[in-house]
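In my numbering, the protein residues as written are 5 to 80.
Report on the following structure.
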């Protein structure tokens with residue numbers, strides 16, 4: 005079964021909530037995600053995975069999460 009691209013959105017939201025809850029400094033956020041998602045993140049350039057916000061943007065861009073993705077997902 006193929007992974008749902010929308011799972012990435014939920015994953016990042018939960019990760020950001022945990023960062024806030026546990027007060028994880030920005031310089032460590034990408035490293036925490038990198039440790040958990042080695043399979044996906046190993047394909048990315050190290051410059052991308054060094055900073056959480058950049059890494060998140062690249063992953064979501066690669067998954068092509070545009071308005072049309074949501075429209076197709078929730079279309080009746």
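C-beta: ideal position from N, C-alpha, C; glycine also.
Excluding sequence positions up to five away, which residues of its chain have a Cβ less than 6 Å from the Cβ of residue i?
i	result
residue 6	At residue 6, the pLDDT of 49 sits below 50, so the modelled position is not reliable and the matter cannot be decided from this model.
residue 23	33
Considering Cα atoms alone, identify which of the options is closest to residue i.
i	options	result
residue 29	61, 57, 15, 65	57
residue 55	47, 48, 31, 19	31
residue 45	66, 26, 25	66
Mind checking which residues open and close the alpha helix (DSSP H) that includes residue i?
i	result
residue 51	50 to 53
residue 26	Unbroken run through residue 26: none, as it is neither H nor E.
List the whole-angstrom C-beta distance separating residue i from residue j, where the pair is believed to meet the contact cut-off of C-beta under 8 Å.
i	j	result
residue 52	residue 62	5 Å
Go through its chain and collect everything with a Cβ distance to residue i's Cβ below 7 Å, but skip five positions before and after it.
i	result
residue 16	60
Going by the CB atoms, is the gap between residue j and residue i shorter than 8 Å?
i	j	result
residue 110	residue 64	For residue 110 there is no data in the structure shown, the boundaries of the chain being 5 and 80.
CB-CB under 8 Å to residue i, same chain, minus the five flanking residues each way: which ones, in chain order?
i	result
residue 18	none
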